[in-house]
Amino acid sequence: MMHTQQLKEFLNELMLAKSRNCLIFAIADNPEEFVEQVSSSGLRVDEIHLNGNINLLEVLLDWKKTSENAVYFVDGVRNQFPWILRYLNLHRDLFYGIKRPVVIFGSECDITEITWHAPDLWRFRSRTYDFTEKKEMLGDLKTRDGGALIITADHNDVCYR
1 MMHTQQLKEF LNELMLAKSR NCLIFAIADN PEEFVEQVSS SGLRVDEIHL
51 NGNINLLEVL LDWKKTSENA VYFVDGVRNQ FPWILRYLNL HRDLFYGIKR
101 PVVIFGSECD ITEITWHAPD LWRFRSRTYD FTEKKEMLGD LKTRDGGALI
151 ITADHNDVCY R
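Structure follows, in structure tokens:
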């Protein structure tokens, strides 16, 4: 991982948000790459991998049991599509009471789905960081039904809109 200006801003925002409510979305291929960076800044990373019936808000509402320098890293949100989007959108106000920064990692398509299906949650966020390397794409992309086709920079993730 390159030490970019955006990474510096990300680390600074997490430090400033210590013991405060803060919701950040991060587009990244591998959230594990950020654990060491954040930990070396004096913050403790609590990782939450969503799968099965894990309820994100139930886990986050136990924030008082964590140290003041805790940061939540959430990944695997796609594993709970579509129900988690409506659920988080409906209960977005609970994030106000969580006094720890929460970073939700996902692919470009995962984050796009959140913007479409959980717009109120999306508006609540502090910021979105894109840590993927962009590659130039050539050509005009269209689907058979006329909808937009989104292919991520690494061409591993495709969304239809």
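Residue 138 in our numbering sits at position 138 of the sequence shown; the count goes up by one each step and never skips. Each residue gets a CB set at the ideal place from its N, CA and C atoms; glycine is no exception. Since the model is a prediction, treat every value here as computed from it, not as a measurement.
When DSSP reads this structure, residue 106 sits in a beta bridge with 27. Note that the region 66 to 74 does not touch the region 85 to 96; fewer than 3 beta-carbon pairs, one per stretch, sit closer than 8 Å. DSSP places residue 82 in the coil class of the three-state scheme, outside both helix and strand.
Residue pairing by DSSP puts residue 101 in a beta bridge opposite 22. A Cβ-Cβ distance of about 18 Å is found for the pair residue 10 and residue 114, leaving them out of contact under the 8 Å criterion.
A straight-line Cα-Cα distance of about 10 Å links residue 49 and residue 55.
For residue 46, the uninterrupted beta strand (DSSP E) run begins and ends at 44 to 49, by DSSP. DSSP lists no bridge partner for residue 120. Distance from the CA atom of residue 14 to the CA atom of residue 40, rounded to whole angstroms, is 12 Å. The beta carbon of residue 111 sits closer than 6 Å to those of 25, 27, all from its chain and outside the five residues before and after it, given in chain order. Nearest C-alpha to residue 67 among 132, 18, 103, 105: 18.
Secondary structure at residue 131: coil, using DSSP grouped into helix, strand and coil. The beta carbon of residue 106 sits closer than 6 Å to those of 77, all from its chain and outside the five residues before and after it, given in chain order. With fewer than 16 other CB atoms across the displayed protein chains lying within 10 angstroms of its CB, residue 82 is exposed. Taking every protein chain shown into account, the CB of residue 92 has 16 or more other CB atoms within 10 angstroms, so this residue is buried. An exposed status is given to residue 32, since fewer than 16 other beta-carbon atoms sit within 10 Å of its beta-carbon.
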